[in-house]
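Residue numbers (the working numbering): 15 to 417.
Even for Gly, the Cβ is constructed at its ideal location relative to N, Cα and C.
Note that the structure is predicted; figures quoted are calculated from it, not measured.
In what follows, a structure is listed as structure tokens, so that the remarks can point back to it.
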């Protein structure tokens with residue numbers, strides 16, 4: 015195939031030059047010059063793809079399998095390609111980078127619109143342990159008593175020790191009405207929890223007015239619809255009233271799209287001020303600035319976080335605190351501060367790789383550290399049983415003290 019390309023390049027050179035040279039000697043000369051350029055281009059392309067790495071070893075191994083593996087068939091080739099890419103990603107040692115084949119990509123995209131079948135819990139990996147980041151409000155996981163930072167030891171009696179995040183998600187999700195059995199470690203306790211899957215519809219946010227003049231907004235995720243619903247609440251119910259105090263509840267919010275979090279941050283942070291920074295390694299740091307309107311920048315703001323607050327919710331909380339002097343109440347957040355970019359490959363598969371760290375406007379990283387509240391308030395098991403919310407009660411008390 016490569017030789018045909020080189021010949022085609024030579025013929026192209028003849029076509030371009032033939033009107034200038036009628037002598038056949040020059041035609042032959044131009045032909046070989048074209049072939050030479052084709053060879054140079056191929057070598058340059060190979061170098062750009064491989065850099066200083068000799069990929070001939072990979073080609074050699076591929077050839078040996080192709081020629082000698084006793085059960086080899088043409089159907090195995092796609093699996094080998096996908097397996098090679100998965101191996102490249104695994105070698106990075108990054109729990110948030112992953113490869114999804116076309117079928118896995120479809121499942122991954124299902125959850126991005128906030129509707130899927132499963133138990134309704136966000137999971138992640140920390141120190142090689144599979145953890146619950148947060149169960150969603152009213153989900154089967156929450157009803158079964160699943161809590162943030164529960165460690166998942168087994169899924170349907172299969173150990174999670176060597177399981178990727180994507181494998182775990184695919185095993186936990188399933189048809190509505192079916193069951194999944196999780197072995198959970200919570201501190202020193204080992205629990206076996208049976209959960210019946212259902213259709214999960216994750217709301218973007220809830221809004222209510224407390225004590226007549228305090229806006230309470232709970233944001234459950236930062237999916238695509240969240241900024242639109244938030245803007246509608248702000249414009250229709252807050253800016254048209256005498257409300258000047260906001261409690262922003264980000265507890266149990268596992269994150270979502272960076273753009274959605276920054277769009278909401280535009281309301282709290284003045285136009286031109288930094289919402290967050292992206293550290294791409296080395297000396298390259300990109301600042302994401304508020305586009306405004308900053309219509310909530312003068313409001314008194316208290317933010318609630320807990321161990322289920324992760325990723326974009328941590329960044330938003332930290333950014334508002336840095337730029338708006340907001341008070342943070344609750345428990346230390348999860349501590350996921352890296353940026354993943356999904357890249358669609360030619361066969362419909364997806365390469366999801368970590369491309370940067372998120373930094374707060376102050377330059378601090380939350381990766382592995384989380385955000386420590388200004389006022390720490392725990393919710394006990396008894397509080398949950400009797401439906402007390404001491405964190406929200408403290409938030410109301412603190413924001414009322416600004417009167």
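Inset, instruction - Evaluate contact between the segment 326 to 336 and the segment 263 to 282, counting only Cβ atoms and requiring at least three cross-stretch pairs below 8 Å. - result: Enough Cβ pairs lie closer than 8 Å, so yes.
Inset, instruction - Kindly indicate which three-state DSSP category residue 408 falls into: helix, strand or coil? - result: Shown here, residue 408 sits in a helix according to DSSP, grouped into three states.
Inset, instruction - Drop a sphere of 10 angstroms on the beta-carbon of residue 234, count the other beta-carbons inside from all chains shown, and report buried for 16 or more, exposed for fewer. - result: When all chains shown are included, residue 234 counts as buried.
Legend entry - Run of the alpha helix (DSSP H) containing residue 328, from where it starts to where it stops: According to the DSSP assignment, residue 328 belongs to the alpha helix (DSSP H) that extends over 326 to 338.
Inset, instruction - Compare the C-alpha of residue 319 against each of 80, 131, 385, 179 and name the closest. - result: Ranking 80, 131, 385, 179 by Cα distance to residue 319 puts 385 first.
Inset, instruction - Return the CA-CA distance between residue 245 and residue 80, expressed in angstroms with no decimal places. - result: Spanning the two alpha carbons is a distance of roughly 57 Å.
Legend entry - Delimiting residues of the alpha helix (DSSP H) encompassing residue 244: Segment 240 to 247, the alpha helix (DSSP H) holding residue 244.
Inset, instruction - Write down every uninterrupted run of the beta strand (DSSP E) in the segment 261 to 318 whose length is 3 residues or greater and which is fully enclosed by it, in chain order. - result: If one requires a minimum length of 3 residues, the beta strand (DSSP E) runs lying completely within the segment 261 to 318 are 288 to 293, 299 to 303, in chain order.
Inset, instruction - Return the chain-ordered list of same chain residues with a C-beta closer than 6 Å to the C-beta of residue 414, the five sequence neighbours on each side being excluded. - result: Excluding its 5 nearest sequence neighbours in each direction, residue 414 has no C-beta neighbour in its own chain below 6 Å.
Legend entry - residue 241 beta carbon less than 8 Å from that of residue 204: Taking the C-beta atoms as reference points, residue 241 is found no nearer than 8 Å to residue 204.
Inset, instruction - Please determine if the segment 79 to 93 and the segment 330 to 348 are in contact, where contact requires at least 3 C-beta pairs separated by less than 8 Å. - result: Contact fails: fewer than three Cβ-Cβ distances are below 8 Å.
Inset, instruction - Compute the Euclidean distance between the alpha carbons of residue 310 and residue 221, then round it to the nearest angstrom. - result: Straight-line measurement puts the Cα of residue 221 at about 16 Å from the Cα of residue 310.
Legend entry - Buried or exposed (CB count within 10 angstroms, at least 16 for buried), residue 280: Burial of residue 280 is indicated by the presence of at least 16 other C-beta atoms within 10 angstroms of its C-beta.
Inset, instruction - Can you tell me which of the three DSSP states residue 256 falls into? - result: In the structure shown, residue 256 sits in coil (DSSP, three-state: anything other than H, G, I, E or B).
Legend entry - Buried or exposed by the 16-neighbour rule on C-beta atoms within 10 Å, applied to residue 259: So residue 259 counts as buried.
Legend entry - DSSP state of residue 197 mapped onto helix, strand, coil: Strand.
Inset, instruction - Would you kindly report the start and end of the unbroken beta strand (DSSP E) that includes residue 232? - result: 228 to 233 is the extent of the beta strand (DSSP E) around residue 232.
Inset, instruction - With DSSP collapsed to three states, give me the class of residue 343. - result: In the three-state reduction of the DSSP assignment, residue 343 falls in the strand class, which pools E and B.
Legend entry - residue 207 to residue 344 span [Cα, whole Å]: Their backbone Cα atoms lie some 27 Å apart in a straight line.
Inset, instruction - Compare the beta carbon distance of residue 369 and residue 294 with 8 Å and say whether it is the shorter of the two. - result: Against a cut-off of 8 Å, the Cβ pair of residue 294 and residue 369 comes out as a contact.
Legend entry - Which listed residue (156, 224, 134, 141) has its alpha carbon closest to that of residue 188: Comparing C-alpha distances from residue 188 to each of 156, 224, 134, 141 shows the shortest one belongs to 134.
Inset, instruction - Counting only the same chain and skipping the five closest in sequence on each side, list residues whose C-beta sits under 6 Å from that of residue 300. - result: In the same chain as residue 300, and ignoring 5 residues on each side of it, the C-beta atoms closer than 6 Å to its own belong to 292, in chain order.
Inset, instruction - Compare the Cα-Cα distances from residue 349 to each of 367, 168, 378 and report the closest residue. - result: Nearest of 367, 168, 378 to residue 349, Cα basis: 378.
Inset, instruction - Could you give the DSSP three-state label for residue 88: helix, strand or coil? - result: Residue state for residue 88 is assigned as coil, using DSSP reduced to three classes.
Legend entry - Where the beta strand (DSSP E) containing residue 67 begins and where it ends: Residue 67 -> no beta strand (DSSP E), and no H or E assigned at all.
Inset, instruction - Determine the burial state of residue 46: buried for a count of at least 16 other Cβ atoms within 10 Å of its Cβ, exposed for fewer. - result: Because residue 46 carries a pLDDT of 37, less than 50, the predicted location of this residue cannot be relied on, and the following value inherits that uncertainty. Its Cβ having fewer than 16 others within 10 Å, residue 46 is exposed.
Inset, instruction - Please say whether residue 304 and residue 418 have beta carbons closer to each other than 8 Å? - result: Residue 418 lies beyond the residue range present for the chain, which begins at 15 and ends at 417; the question has no answer from this structure.
Inset, instruction - Would you mind stating whether residue 116 and residue 322 have Cβ atoms separated by less than 8 Å? - result: Judged by beta-carbon spacing, residue 322 lies beyond the 8 Å limit of residue 116, meaning their Cβ atoms are not closer than that value.
Legend entry - One or two residues paired with residue 169 in a DSSP bridge: Residue 169 is bridged to 172, 196.
Legend entry - Reference residue 390; option with closest CA among 400, 406, 376: Ranked by Cα distance from residue 390, the options 400, 406, 376 are led by 406.
Legend entry - Cut-off 7 Å between Cβ atoms - residues of its own chain near residue 194, not counting five sequence neighbours on either side: The beta carbon of residue 194 is closer than 7 Å to those of 133, 169, 170, 186, 188, 209, 211 in its chain, skipping five residues each way along the sequence.
Legend entry - Reduced DSSP secondary structure (H/G/I, E/B, other) of residue 179: Three-state result, residue 179: helix.
Inset, instruction - Please work out which residues of its chain come closer than 8 Å, Cβ to Cβ, to residue 131, disregarding the five sequence neighbours upstream and downstream, and give them in chain order. - result: Hits under 8 Å: 187, 188, 189, 190, 211, 212, 213, 214.
Inset, instruction - Please check the pair residue 236 and residue 274, which I expect to be a contact at CB under 8 Å, by giving their CB distance rounded to whole angstroms. - result: Rounded, the Cβ-Cβ distance is 4 Å, consistent with contact.
Legend entry - Whole-number beta carbon distance between residue 118 and residue 180, since they are thought to touch under 8 Å: About 6 Å separates the two Cβ atoms, so the contact holds.
Inset, instruction - Please list the segments of the beta strand (DSSP E) lying wholly inside the segment 111 to 142, counting only runs of 3 or more residues, in order along the chain. - result: Counting only runs of 3 or more, we get 112 to 114, 129 to 132, 135 to 140.
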